[in-house]
Amino acid sequence: MRLFLALVPPPALRRRLGELTEWAQARCGGRRMPDESLHLTLAFLGEVDEAGVEALTTWVEGLNVPAGEWRLDAWGCFCHPGILWVGGRTPDTALVNLQASLWHDLETLGFGRRPSRFVPHVTLLRRAPRLETQGLPPIDLSWPYGRLALMRSFTESDRARYETLARSPTT
Ligand code: 3AM
1 MRLFLALVPP
11 PALRRRLGEL
21 TEWAQARCGG
31 RRMPDESLHL
41 TLAFLGEVDE
51 AGVEALTTWV
61 EGLNVPAGEW
71 RLDAWGCFCH
81 PGILWVGGRT
91 PDTALVNLQA
101 SLWHDLETLG
111 FGRRPSRFVP
121 HVTLLRRAPR
131 LETQGLPPID
141 LSWPYGRLAL
151 MRSFTESDRA
161 RYETLARSPT
171 T
């Protein structure tokens, strides 16, 4: 299974991000992320075998994720694949620390794909042909979090879909 670890937005924020996505798609084109798929990826794990899924599930279900609040106040893009995202103007220290601590544990569990850089972001559009972040409306949203999700990604009718396999306990 193709897995990743993510934070999932609370319902009101998900709706607001969905509205922003719709607005951005009208302007930039491309494929929008469905509201139910919006997330912040903390660690992409790639293909994991059955034993790995079991080990990750047990680990996630016992994980203590320090509660925090992420401020979303910037638009950004990864221009070549045409990805438009929202994130923070400056890297959020708590999220950077959380990502580092997750990778520390993951490496102990035998997962070794720690990326060289981490840009916390929420993808809203993919393959957007008219990508530009200038002139988009200012945003200032807050994302309270305290739980991590182990997610599976798969393709269905040529679309990426996600399924939650496990969640850390509420903090
Ligand atoms: O959270 P976003 O949408 O930016 O781009 C993929 C998505 O990120 C990323 O993992 C998230 C869940 O699919 N992803 C896919 N393949 C990847 C890879 N080989 C990858 N990230 C790093 N390396």
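Sequential numbering of the sequence shown, starting at 1, is according to full-length UniProt numbering. Virtual Cβ for every residue (Gly too), placed ideally from N, Cα, C.
Residues near residue i in its chain [Cβ-Cβ closer than 7 Å; skip 5 each side]
{"i": "R31", "result": "L125, R126 and R127"}
{"i": "W59", "result": "D105 and L109"}
{"i": "T170", "result": "G146 and R147"}
{"i": "F111", "result": "L45"}
Cβ-based neighbour list, residue i, same chain, cut-off 8 Å, excluding 5 preceding and 5 following
{"i": "L72", "result": "V86, G87, G88, V122, I139, D140, L141, S142 and W143"}
{"i": "F78", "result": "W85"}
{"i": "L136", "result": "A24, R27 and W75"}
{"i": "L98", "result": "L42, V65, P66 and G68"}
Limits of the alpha helix (DSSP H) - the one that residue i falls within
{"i": "W147", "result": "Reading off the sequence, residue 147 comes out as Arg, not Trp. Note, R147: premise wrong, no alpha helix (DSSP H); not H, not E."}
{"i": "G18", "result": "P11 to C28"}
Cβ-based neighbour list, residue i, same chain, cut-off 6 Å, excluding 5 preceding and 5 following
{"i": "F154", "result": "R161"}
{"i": "P91", "result": "none"}
{"i": "P129", "result": "G29"}
Beta strand (DSSP E) segment containing residue i, residue limits
{"i": "L40", "result": "L40 to E47"}
{"i": "D164", "result": "It should be noted that the sequence gives Thr, not Asp, for residue 164. R159 to R167 is the extent of the beta strand (DSSP E) around T164."}
Inset, instruction - Taking only runs that begin and end inside the region 54 to 136, name each unbroken beta strand (DSSP E) of 3 or more residues, in chain order. - result: For the region 54 to 136, whole beta strand (DSSP E) runs of length 3 or above, ordered along the chain, are 68 to 72, 74 to 78, 83 to 87 and 121 to 126.
Legend entry - Residues proximal to the ligand 3AM by C-beta, any heavy atom closer than 5 Å: Any residue whose Cβ sits closer than 5 Å to a heavy atom of the ligand 3AM makes the list: F4, T41, F44, T123 and S153.
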